[in-house]
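Mapping of the sequence shown onto this note's numbering: residues 2 to 286, in sequence order. Below: the structure, in structure tokens.
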Amino acid sequence: MNAIQIKMREVAGQLLSLGEVDRVIGWEKGRFAHQSPPAFITDETKVERLIWDEYCLTGTAKYLLDDPYRAGKTGLFARGCDARAINRLIQDGQVKRENIVIIGICCTGMSDSVSRQMAAKCCDCTHPTPVVYDLMIGEPVKPVAKPERFKAVAELEQKAAQEKSEYWTRQFAKCIRCYACRNICPACNCRECFADQYRVGWLGKQHHTAENQVFGLTRAYHIADRCIECGECARVCPVGIPLMELNRKLIKDIQQLFGDYHAGVDSETAPPLGRYSLDDMEEFM
Ligand code: SF4
Ligand code: SF4
Numbered sequence: 002m003n004a005i006q007i008k009m010r011e012v013a014g015q016l017l018s019l020g021e022v023d024r025v026i027g028w029e030k031g032r033f034a035h036q037s038p039p040a041f042i043t044d045e046t047k048v049e050r051l052i053w054d055e056y057c058l059t060g061t062a063k064y065l066l067d068d069p070y071r072a073g074k075t076g077l078f079a080r081g082c083d084a085r086a087i088n089r090l091i092q093d094g095q096v097k098r099e100n101i102v103i104i105g106i107c108c109t110g111m112s113d114s115v116s117r118q119m120a121a122k123c124c125d126c127t128h129p130t131p132v133v134y135d136l137m138i139g140e141p142v143k144p145v146a147k148p149e150r151f152k153a154v155a156e157l158e159q160k161a162a163q164e165k166s167e168y169w170t171r172q173f174a175k176c177i178r179c180y181a182c183r184n185i186c187p188a189c190n191c192r193e194c195f196a197d198q199y200r201v202g203w204l205g206k207q208h209h210t211a212e213n214q215v216f217g218l219t220r221a222y223h224i225a226d227r228c229i230e231c232g233e234c235a236r237v238c239p240v241g242i243p244l245m246e247l248n249r250k251l252i253k254d255i256q257q258l259f260g261d262y263h264a265g266v267d268s269e270t271a272p273p274l275g276r277y278s279l280d281d282m283e284e285f286m
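In structure tokens form, the structure reads like this:
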């Protein structure tokens with residue numbers, strides 16, 4: 002058993018037995034060796050379910066919004082991406098910091114359960130060490146810039162407008178509107194999503210490319226300056242739409258317009274599109 006897993010069980014057992022948390026959210030072994038789905042543990046005698054291996058891919062923070070976990074206090078195992086997601090939810094007023102005990106884990110990256118190679122989302126990770134925590138497991142690692150994560154966007158930007166349009170039309174033609182990208186996303190945290198509106202004029206329920214594009218582009222713009230680059234949306238998309246290319250195009254543009262900003266790195270700095278100043282660069286302001 003690896004050292005992180007031993008420590009996870011020890012910490013979870015202590016927190017539950019002392020009554021400091023009502024539940025712990027981490028990962029457990031799934032049906033298959035290459036799956037480690039989330040674990041929800043309320044009893045200190047069950048902490049041996051917790052595991053830490055290369056397939057702990059799923060983000061933990063979004064579960065803080067699930068109805069059963071809203072009341073009481075939660076012990077949440079959090080890697081760099083999960084910690085940024087927690088800051089995202091705090092900043093959006095969805096969770097309270099005092100209701101979460103953050104057990105940070107310094108992460109070196111997970112493996113894709115199909116290719117068994119380093120998961121794409123982990124290859125592009127800039128903050129492997131949690132940016133916020135109460136307890137920490139493992140040795141902290143410094144943030145890394147990873148400018149190469151914008152390579153695909155830069156290549157796409159070179160193409161003609163028609164070619165770009167056709168590229169995204171082809172991508173969104175594949176979308177089955179399962180909303181997995183929205184459901185897994187810590188920045189997509191509206192209690193009532195525009196995609197669930199039945200009133201005419203919002204989003205058509207029919208499955209065709211134009212409505213799929215309205216959904217995908219509206220979602221991307223809605224979270225443009227709040228996306229923490231966890232890569233979960235692209236990971237869970239069952240038809241392989243390269244959603245991170247879209248997210249990173251917006252992040253790249255925002256960085257060019259408003260300077261270096263990394264969503265979720267702290268819970269204090271407001272996202273660039275969520276604040277204004279009297280000397281805003283736009284003259285109409
Ligand atoms: S996860 Fe993929 S297929 Fe499902 S709604 Fe999102 S973009 Fe469409
Ligand atoms: S849009 Fe994708 S990468 Fe950005 S926060 Fe949501 S799930 Fe993570």
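C-beta: ideal position from N, C-alpha, C; glycine also. Predicted, not measured: the structure shown is a model, and the values here were computed from it.
Partner residues in the beta bridge of L136, as assigned by DSSP, are I104. For A79, the pairing in a beta bridge is given by DSSP as G105.
Segment contact: the stretch 196-205 against the stretch 91-111, fewer than three CB-CB distances shorter than 8 Å; contact not assigned.
Not a single heavy atom of ligand 1 lies less than 7 Å from the C-beta of L204.
Counting along the chain, the unbroken alpha helix (DSSP H) around R249 starts and ends at L244 to F259.
Between the stretch 207-220 and the stretch 169-183 there are three or more inter-stretch CB-CB distances shorter than 8 Å, so the stretches are counted as touching. In the three-state scheme derived from DSSP, where H, G and I count as helix and E and B as strand, W169 is classed as helix. When the beta-carbon positions are compared, G81 and P129 come within less than 8 Å of each other. With respect to A4, G27 sits apart: the two C-beta atoms are not nearer than 8 Å.
S114 carries a coil assignment under DSSP once its states are collapsed to helix, strand and coil. Going by DSSP, I26 is part of the beta strand (DSSP E) stretching over R24 to W28. Taking all protein chains shown into account, N184 has fewer than 16 neighbouring C-beta atoms within 10 Å of its C-beta and is therefore exposed. Inclusion of C238 and G60 in the CB contact set at 8 Å is not warranted, their separation being larger than that value. Note: F195 is not bridge-paired with any residue in the DSSP secondary-structure output. Nearest in C-alpha terms to Y180, of all of E156, A153 and H208, is H208.
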